[in-house]
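Numbering (the working numbering), first residue to last: 19 to 455.
Yeah, the Cβ is synthetic: ideal placement off N, Cα and C, and Gly gets one too.
Remember, it's a predicted structure, so these values are computed and weren't measured experimentally.
Working notes, beginning with the structure itself.
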């Protein structure tokens with residue numbers, strides 16, 4: 019990957035002034051969206067039963083399936099064009115529920131919005147990663163994480179405030195308006211950005227479609243809607259489609275996701291940790307918002323998102339003292355303990371433990387996944403990283419939501435999910451030797 023080129027020369031100064039703004043405002047919107055609808059799903063009148071889960075998961079299913087495709091499109095069209103396109107799709111799909119009154123149509127719009135955000139996040143990653151100066155890249159990534167965390171922390175507060183005013187439709191109009199303005203500015207100012215990537219990069223739409231269908235069916239099996247036998251069939255069908263996807267990737271010379279890297283190995287283990295930590299985050303926000311009925315009661319959920327940022331900072335202070343496998347084990351165990359605390363003690367201490375555990379596990383998983391491969395494989399490892407986080411986001415809402423629908427109890431759901439996380443920690447411990455390979 020070569021340095022970012024801003025052309026023509028006259029627009030360079032203008033683009034430099036607005037570059038980070040145009041990149042980070044969409045990241046703030048993404049952070050808000052990651053917690054906003056998780057926290058108010060039970061208060062949206064159009065959504066009933068598991069349509070709440072599908073409304074949230076439709077977005078993350080599309081994101082998980084299309085984020086790598088978005089990076090390929092960015093290589094072909096240029097990240098500036100791809101960013102603007104993603105913003106327009108995000109805006110139009112995001113505003114659609116304000117004009118619709120069907121849960122099915124609301125959910126369909128979320129799938130489309132997730133595809134738009136996949137284009138956005140892949141473009142932002144490409145532009146920041148392609149900045150010529152190391153200091154600029156470091157600043158860009160730091161601002162990205164901070165901006166996203168602030169947005170995630172603000173999401174539950176914003177949602178509860180507008181729901182309390184009976185103005186929930188503004189939660190669709192306002193982000194769409196911001197995204198639309200950013201899209202217009204990106205079209206005018208960033209269309210000349212190129213990363214010098216080869217235009218022959220393969221855009222494998224078929225593989226993306228297989229991933230979308232397979233993952234969607236698999237998530238459907240976790241949902242609480244429909245008969246148990248039907249959900250089982252959906253799960254089996256999803257696994258079969260994903261198997262076809264994996265076979266296609268194994269045979270491809272230029273795979274979207276190099277599944278050969280996903281055996282339980284030095285890359286498979288941190289990828290699993292990223293999925294579980296991301297699922298713990300989105301699932302916890304959804305679960306603990308189920309019984310929130312005021313702005314004050316949602317504050318601990320909002321603070322949870324900010325503790326995730328603290329966990330990322332703590333990792334950088336601790337990584338020199340502890341090994342990767344210990345960091346992953348302890349951080350995920352902290353998430354499990356936090357869920358138990360939420361069940362039997364209270365949400366305030368639980369939000370700290372879950373947030374800290376998620377932050378450290380995400381940061382350590384990212385660092386080990388990207389740092390344990392040679393430079394030529396970093397792009398493939400980054401694809402695993404982005405997909406693992408998006409997959410975890412969808413599985414968290416579906417899994418926590420499905421268990422909650424079955425048990426009808428926040429306490430029971432928290433305990434069951436804590437046990438599942440503990441099993442993952444045990445698996446990491448039993449296979450800790452792979453980190454030394």
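Rank 359, 40, 369, 70 by C-alpha distance to the C-alpha of residue 122 and give the top, closest one.
70
Quick one: residues in its chain with C-beta nearer than 8 Å to the C-beta of residue 461, no 5 flanking neighbours on either side, listed in chain order?
Since the displayed the chain opens at 19 and closes at 455, residue 461 lies outside it and no answer follows.
When the Cα of residue 257 is compared with those of 93, 237, 225, 411, which residue comes out closest?
237
Please state whether the Cβ-Cβ distance between residue 112 and residue 193 is less than 8 Å.
yes
In angstroms with no decimal places, state the Cα-to-Cα distance between residue 381 and residue 195.
32 Å
Between the C-alpha atoms of residue 178 and residue 389, what's the straight-line distance to the nearest angstrom?
40 Å
In the DSSP assignment, find the alpha helix (DSSP H) that holds residue 74 and state where it starts and stops.
69 to 95
Please classify residue 377 as buried or exposed, where buried requires at least 16 other C-beta atoms within 10 Å of its C-beta.
buried
Close-in-space but distant-in-sequence residues of the same chain around residue 232 (CB under 7 Å, 5 per side omitted)
256, 259, 260, 263
Can you check whether the CB of residue 405 is closer than 8 Å to the CB of residue 82?
yes
Quick check: the Cα distance between residue 437 and residue 107, rounded to an integer number of angstroms?
39 Å
Inter-residue spacing [alpha-carbon to alpha-carbon] between residue 272 and residue 138:
22 Å
Alpha carbon to alpha carbon, what distance is there between residue 145 and residue 216?
At residue 216, the pLDDT of 44 sits below 50, so the modelled position is not reliable; the number obtained from the coordinates is stated separately. One C-alpha to the other measures close to 15 Å.
If the criterion is Cβ atoms closer than 8 Å, does the pair residue 409 and residue 274 meet it?
no
Contacts around residue 110, its chain only, beta-carbon distance under 6 Å, and the 5 residues preceding and following it disregarded:
none
Close-in-space but distant-in-sequence residues of the same chain around residue 32 (CB under 8 Å, 5 per side omitted):
Below a pLDDT of 50, predicted positions are generally treated as unreliable, and residue 32, at 41, falls in that range; no measurement from the model is reported.
So, at 7 Å on beta carbons, what are the nonlocal neighbours of residue 316 in its own chain, with the 5 sequence-adjacent residues on each side left out?
57, 174, 175, 178, 307, 310
Report yes if the C-beta distance between residue 303 and residue 322 is below 8 Å; otherwise report no.
yes
On the CB-based measure, 16 or more other CB atoms within 10 Å of its CB, does residue 181 come out buried or exposed?
buried
Pair within 8 Å by beta-carbon distance, residue 277 and residue 285:
no
Could you give the DSSP three-state label for residue 187: helix, strand or coil?
coil
What alpha helix (DSSP H) runs, 4 residues minimum, are completely inside the stretch 318 to 394?
342 to 362, 365 to 389
Skipping 5 residues on each side, what residues in its chain have a beta carbon closer than 8 Å to that of residue 27?
With a pLDDT of only 37 at residue 27, under 50, the local geometry of the prediction cannot be trusted, and the value read off the model is given with reservation. Hits under 8 Å: none found.
Contact belief for residue 169 with residue 48 at Cβ below 8 Å, rounded distance in angstroms
7 Å
In the DSSP assignment, find the alpha helix (DSSP H) that holds residue 60 and state where it starts and stops.
Note, residue 60: premise wrong, no alpha helix (DSSP H); not H, not E.
With distance defined between alpha-carbon atoms, name the residue in 127, 295, 266 nearest to residue 227.
266
So, with DSSP's three-state summary, where would you put residue 403?
helix
In chain order, what residues of the same chain have a beta carbon less than 7 Å from the beta carbon of residue 116, not counting five sequence neighbours either side?
187, 190, 191
Using only alpha-carbon positions, find the residue among 337, 224, 221, 422 that is nearest to residue 386.
337
Are the beta-carbon atoms of residue 97 and residue 52 separated by less than 8 Å?
no
In angstroms, rounded to a whole number, what distance separates the CA positions of residue 270 and residue 223?
13 Å
DSSP three-state call for residue 273: helix, strand or coil?
coil
Can we count residue 89 as close to the ligand HEM, meaning its CB is less than 7 Å from some heavy atom?
This structure lacks the ligand HEM, and indeed carries no ligand of any kind.
DSSP on residue 221, reduced to helix/strand/coil?
coil
Could you pull out every residue in the same chain whose Cβ sits closer than 7 Å to the Cβ of residue 62, ignoring the five residues on either side in sequence?
186
Do you know how far the Cα of residue 157 is from the Cα of residue 165?
12 Å
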